[in-house]
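K.L.:
Residue numbers (my numbering), protein chains in the order written: chain A, 8 to 179; chain B, 8 to 179; chain C, 8 to 179; chain D, 8 to 179; chain E, 8 to 179; chain F, 8 to 179.
Please see the structure below; I have some questions.
In structure tokens:
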């Protein structure tokens, strides 16, 4: 069975594709307005020396992490412009924390963890907003210290939790 | 030595911070206009069944990967709006490829690799454009199949290559 | 009677102009929140050879129409940024179909019809969102094949249907 | 011959598709920087009574056409955000004129013609900027008088002229 | 007491900072949905000759003030993109008036007053939308006549009134 | 002489209006590409207690001024989207400083001065970018402390210096 219609029937849960496999912004008008939250993380790995510069650059007068936080919060709001099938949502809150004391990974790299929490009262979830904010905040840190190390790597962007909505709560 | 000035003196390469540790869009007017390229990747890991749905959804009639490609190309152009200290750049070309035949990882997960190449003739590099496009394209795939698996993870967003500019070529 | 005030009194329905003929984003706070839909179309005319290229370019591996669909869906969301007096709206769904089998017109040109359906639960209608999406999707097709034929023409952008709201349903 | 590669070989001019039929923002870095212009039009048809309201609403104090002009100029600048494969361009000038004295069409409808001229010194043409501006300006007029007549129709969005660039000048 | 936590405890009302002094988009999901309004002004001072040009340029055929009005209305809608911690809001109405007959100030400068009124039914106020629109409208006038006088000055951007919400009505 | 044409002839320097008084993005393609700079300021006045909160909130852990700086830098880049007739420009640098030790004004209010410097190599000046960034940075400070004092006022947004371009250098 190689035709598109059959494929779509076999994968009915791909809500952003219609029965012909064409993309759409799926109709959520029948869904309830409930309070929904999502938490996501991104982890950026770098040499210990780079890590020290970020942490110092975010110290008394430096602004690496504050800039990354603003970038992440603004990215959360701009998610429906970046991710084509995302619904516009009136976010009610966004918080971003940085955890800089991660253990070195197996390659001896230090890490910074971006933790994003998004809240909304609406008809659809805010998972993408949390993931998008986490990725953009991590890339903003990269941008601000890339002169020191171009080989930094975002090693994990993933959803940590989701609450609210018909599909209920989710944790990995 | 706890004052910001000293810290900045010790990390002179953080070009997006001034001597007081304050963020800025660093002045590049003295840099040469040269052709610059960057390549970046993002790898999205998922269950083999989800992977099959993406690949089929991108088949004869489905549109998961084409939508992700558009999202990535548009994200490349919108990088200076997302990453606060990035310079506006007149990109001259963006290409995005998807590699769907990755080997399973140690957790038995299938993978899709997003490969982005960006080109520009200007005063500063396009690393952030390539990284941003790769991350947004990967998150767009996530968005389109998240109904099947919320636990998908972007496991690597990193620069693969950079050419042009005063700092010259770079590869990991 | 040449003064603006009189003019405005004679055309009381121009809701985006106040009594002095000045533009405004008209206050809709007193309107009910209801489910509203709109459908619009845009028809792009081109030489049969160009038409064949579009249809083939949208075939097994080509991506003309998928890209145009994404462009249209994103344009629907961005309507209040493009059309100055449009209210921001939390769209609940957008679908775009392409009909490629139109009869040739009197000039022997083949055609592609873009059909957009938009849905929203809010205080004002989504006609502009549907029209804007249709126009942008048609222009995106133009962009992707303009190397073949610069003389393509969008011959009709119009509203096909509107439901919901105080003014009720409408069809041409 | 049904495979994508063959198709692409037969339509080598679809520059925004690569040899596999995948979309891309085509590399223009090898093109010359020259002064390029484009002119485009959009014609909006409406009942004579609606037409009178627009013209009056644009009179001594009314602002329909000035608002549409601003919308069109801003749309020209925002073209690479709306049309996915368009290159970002530093436009050097945009002018929009409205011609309100068109002859009635065969259906007895009055008309307003939006005429857009765009200029740029860069590596690629500004046809899409002119077309996009014309379409958005026409839809803005529609928006501002739609309370009077929802059946208005944009009957022609087309390129009138293009100058500059390797492909040289073009007129219909 | 120099640590951040103590500082935050002493200034508990800085709602866009958390208890560690870090920025956030504060959670408003617990606030009531009520109708909220705000009015703000911006006053632009200029030489009397420049003032005459603006007023004439806004006369029978000129478009300085209509363009500034559109800029202000669009800025109101775009406030959450400009002011990082602002919540996205579905504005229900925006009106902008210009008062050109201000008395000269003590430096003999004429003035134009931009008066903005914004309305919204939502969980948070629209003060920033009104202030942002006023500032952008005033700067747009500056832009359109700056060839005559670069020394123009926006001498007052301030809130005039706010109604609705838990904190109730406010006037200076 | 009441007709628009005459008016326009008398004020030939309003470059963003054509000879009919209609707005346009004036053609700058004939201007030289030179390095241009602009400096602008905005001064925000507030009660001394509010001022203390801002300064503390910007201290060891607080982020009021860093957030305002990011907002200003991003606003500089987004100027052509906010100010309708502004040309898109590839800014080469933006720096924002805050001066918090202003003398109290005659009303006993403390003040914060936002100082913006913008640099660009292009065909037109960056005055609007500097002014826009200053205004948005000042309003961002307002937003972050408005819970303490809604009566804060931006008392001066003005150009401090401009260099480069045909019209040469300018200082008040």
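Virtual Cβ for every residue (Gly too), placed ideally from N, Cα, C.
Taking CB distances under 8 Å as the criterion, tell me whether residue 21 of chain A reaches chain H.
P.N.:
The structure shown contains no chain H; its protein chains are A, B, C, D, E and F.
K.L.:
Would residue 98 of chain A pass as an interface residue toward chain E - the criterion being a Cβ-Cβ separation below 8 Å?
P.N.:
Output row for residue 98 of chain A: interface = yes.
K.L.:
Mapping DSSP to helix, strand and coil, what is residue 34 of chain D?
P.N.:
coil
K.L.:
Give a yes or no on whether 8 Å exceeds the smallest Cβ distance from residue 77 of chain A to chain F.
P.N.:
yes
K.L.:
Is any beta-carbon of chain D found at less than 8 Å from that of residue 153 of chain C?
P.N.:
yes
K.L.:
Closest by CA to residue 92 of chain E, which one among E/32, E/153 and E/161?
P.N.:
E/32
K.L.:
Taking the alpha-carbon positions, what's the residue 120 of chain B to residue 57 of chain B distance?
P.N.:
15 Å
K.L.:
Just to confirm my understanding: we take residue 35 of chain F, look at its own chain, exclude 5 residues before and 5 after, and list those with CB closer than 8 Å. What are they?
P.N.:
94, 130 and 131
K.L.:
Considering only their Cβ atoms, is the gap separating residue 42 of chain A from residue 171 of chain A smaller than 8 Å?
P.N.:
A distance below 8 Å separates the beta carbons of residue 171 of chain A and residue 42 of chain A.
K.L.:
Tell me whether residue 8 of chain F sits in a helix, a strand or coil according to DSSP, three-state version.
P.N.:
Confidence at residue 8 of chain F is low in this model, with a pLDDT of 30, below 50, so the placement of that residue should be treated as unreliable; the coordinate-derived value is given next. Reduced to three states, the DSSP call for residue 8 of chain F is coil.
K.L.:
My guess is that residue 103 of chain C and residue 122 of chain C are in contact by the Cβ rule of under 8 Å, so how many angstroms apart are they, rounded?
P.N.:
7 Å
K.L.:
Less than 8 Å between CB atoms is the rule here; does residue 163 of chain D satisfy it with respect to chain B?
P.N.:
no
K.L.:
So is residue 73 of chain E in contact with chain D if we call contact Cβ pairs under 8 Å?
P.N.:
yes
K.L.:
Which whole-angstrom value is the C-beta distance of residue 78 of chain D and residue 125 of chain D, which I expect to be below 8 Å?
P.N.:
Contact doesn't hold; Cβ gap of about 15 Å is too wide.
K.L.:
Taking Cβ-Cβ distances shorter than 7 Å, what residues in chain F pair up with residue 70 of chain A?
P.N.:
73
K.L.:
Is residue 27 of chain B helix, strand or coil by DSSP?
P.N.:
coil
K.L.:
Could you tell me the alpha carbon to alpha carbon distance between residue 81 of chain B and residue 29 of chain A, rounded to whole angstroms?
P.N.:
20 Å
K.L.:
Taking its Cβ as the centre, do 16 or more other Cβ atoms sit within 10 Å of residue 37 of chain C, making it buried, or is it exposed?
P.N.:
exposed
K.L.:
Between which two residues does the alpha helix (DSSP H) harbouring residue 57 of chain A extend?
P.N.:
55-64
K.L.:
Would you verify that the beta carbon of residue 147 of chain F is, or is not, closer than 8 Å to some beta carbon of chain E?
P.N.:
yes
K.L.:
Residue 166 of chain A bridges to which residues according to DSSP?
P.N.:
A/47
K.L.:
Using a Cβ-Cβ cut-off of less than 7 Å, list which residues of the segment 31-47 of chain D approach chain F; keep chain order.
P.N.:
42
K.L.:
Can you list, in chain order, the residues of the segment 110-138 of chain E whose Cβ is nearer than 7 Å to any Cβ on chain C?
P.N.:
126 and 128
K.L.:
Can you find a CB in chain C that lies within less than 8 Å of the CB of residue 169 of chain D?
P.N.:
Proximity of residue 169 of chain D to chain C, defined by a Cβ-Cβ separation below 8 Å, is satisfied.
K.L.:
Assuming the contact rule is C-beta atoms closer than 8 Å, residue 47 of chain E and residue 165 of chain E should be a hit. Round their C-beta distance to whole Å, please.
P.N.:
7 Å
K.L.:
Measuring only the C-alpha atoms, how far is residue 39 of chain E from residue 128 of chain A?
P.N.:
12 Å
K.L.:
In chain F, which residues lie with their C-beta within 8 Å of the C-beta of residue 90 of chain E?
P.N.:
78, 143, 146, 147 and 150
K.L.:
Give me the chain E residues within the contact set of residue 179 of chain C, using Cβ-Cβ distance strictly less than 8 Å, ordered along the chain.
P.N.:
What residue 179 of chain C touches in chain E: nothing, since even the nearest Cβ is about 29 Å away.
K.L.:
Using three-state DSSP, classify residue 106 of chain D as helix, strand or coil.
P.N.:
strand
K.L.:
Span of the beta strand (DSSP E) holding residue 123 of chain F?
P.N.:
Looking at the DSSP string, the run of the beta strand (DSSP E) that includes residue 123 of chain F is 117-129.
K.L.:
Restricting to Cα atoms, I'd like to know which of B/27, B/23, B/159 and B/50 is closest to residue 140 of chain B.
P.N.:
B/50
K.L.:
Cα separation between residue 74 of chain A and residue 88 of chain B?
P.N.:
13 Å
K.L.:
Does the beta carbon of residue 55 of chain E come closer than 8 Å to any beta carbon on chain A?
P.N.:
no
K.L.:
So, are the CB atoms of residue 138 of chain C and residue 155 of chain D less than 8 Å apart?
P.N.:
no
K.L.:
Residue 82 of chain D versus chain C: which residues are under 7 Å apart at the beta carbon?
P.N.:
What residue 82 of chain D touches in chain C: 89.
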